[in-house]
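Read through the structure below, which is laid out as structure tokens, and then see the notes.
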Ligand code: ADP
Ligand code: ZN
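Below, the structure written as structure tokens:
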């Protein structure tokens, strides 16, 4: 699943992972978990993540490679947030076959508004938005009762940086998959009530995959 920060990859990945009964691998969440757990990796990557910079390629590649080897990934998976650089895309080719690259497209205005109002559950990673997807009780996750928080990379400066990093580093990955004939553009400019319109576009492209 490709697309700029705020395109909604995480939300769609969650819905699709339920529908197809294969796991969603949210690479950003894996990094945030490592930081929270203060693992060796977590300590190394903290500064990158909080500024909205990419984690060095080797670390991202190692993490994803290991995760995709686990049992639950053997019948398929939705990879959310990887590859984000050409180096990652080339590395992945050596350890896992990708069937389809869904490219979620949304305007800059939509992206900024989604990102600045976003709240995330500390416990289960569920995503909310103060206006568009408010939880039933303010600050509390509907799903698990966990506390919602604003990520450190959701301050205006870090958001701008993430969009810039996306344009510079990740845009080329889209062309990489396009050239391979694997890319499907998905219009993600819909409001959350219309999330089905996004999902049905995805399903069309996922139909003929084994
Ligand atoms: P978003 O897509 O909204 O930017 P993510 O949760 O996917 O949010 O990613 C958050 C952060 O995790 C990124 O800004 C970056 O620091 C790190 N990260 C996630 N995926 C990768 C990756 N493939 N390579 C390097 N860093 C990554
Ligand atoms: Zn939760």
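Residue numbers (the numbering used here): 68 to 277. Glycine included, every Cβ here is placed at the ideal spot set by N, Cα and C.
* To do: Output the boundary residues of the alpha helix (DSSP H) element that contains residue 98.
  => The residue you call residue 98 lines up with position 31 of the chain shown. Looking at the DSSP string, the run of the alpha helix (DSSP H) that includes residue 98 is 94-103.
* For residue 257, name the three-state secondary structure that DSSP assigns. => For the purposes of this step, residue 257 is taken as the residue at position 190 of the chain shown. Coil at residue 257, not helix or strand.
* Pick out the complete beta strand (DSSP E) segments inside the segment 215-271, 3 residues or longer, and give them in chain order. => Counting only runs of 3 or more, we get 250-254.
* With a cut-off of 8 Å, do at least 3 Cβ pairs link the segment 113-129 to the segment 213-226? -> Touching, yes.
* Asked: What span of residues does the beta strand (DSSP E) with residue 16 cover, start to end?
  -> For residue 16 there is no data in the structure shown, the boundaries of the chain being 68 and 277.
* Asked: Nearest-angstrom Cα distance between residue 153 and residue 240?
  -> Position 86 of the chain shown, counted from the first residue, corresponds to residue 153. Position 173 of the chain shown, counted from the first residue, corresponds to residue 240. The alpha-carbon atoms of residue 153 and residue 240 are separated by roughly 6 Å.
* What is the C-beta distance between residue 128 and residue 158, in whole angstroms, given that I count them as a contact (C-beta under 8 Å)? -> Residue mapping note: residue 128 aligns to position 61 of the chain shown, counting from 1. Residue mapping note: residue 158 aligns to position 91 of the chain shown, counting from 1. Right, the Cβ-Cβ distance comes to about 5 Å (below 8 Å), so this counts as a contact.
* To do: Check whether the Cβ of residue 238 sits closer than 8 Å to any heavy atom of the ligand ADP, and report yes or no.
  => Within the chain shown, residue 238 is the residue found at index 171, counting from 1. Incorrect: residue 238 has no Cβ contact closer than 8 Å to the ligand ADP.
* **Nearest-angstrom Cα separation, counted from residue 197 out to residue 259** => Position 192 of the chain shown, counted from the first residue, corresponds to residue 259. Position 130 of the chain shown, counted from the first residue, corresponds to residue 197. In this structure, the CA atom of residue 259 is about 12 Å from the CA atom of residue 197.
* **Integer-rounded CB distance, given that residue 89 should sit under 8 Å from residue 170** => Indexing the chain shown from 1 puts residue 170 at position 103. Indexing the chain shown from 1 puts residue 89 at position 22. No, residue 170 and residue 89 are not in contact; Cβ-Cβ is about 20 Å, not under 8 Å.
* Asked: Is there at least one non-hydrogen atom of the ligand FMN closer than 8 Å to the beta-carbon of residue 144?
  -> Ligands in the displayed structure: the ligand ADP and the ligand ZN; the ligand FMN is not one of them.
* **First through last residue of the beta strand (DSSP E) which encompasses residue 194** => Locating residue 194 in the chain shown gives position 127, counting from the first residue. 194-196 is the span of the beta strand (DSSP E), which, as asked, contains residue 194.
* Asked: In or out: residue 215 buried (at least 16 other Cβ within 10 Å) or exposed?
  -> Numbered from its first residue, the chain shown carries residue 215 at position 148. Buried: at least 16 other Cβ atoms inside 10 Å.
* **Bridge-paired residues (DSSP) for residue 285** => Absent from the model: residue 285. The displayed extent of the chain is 68 to 277, so no value can be given.
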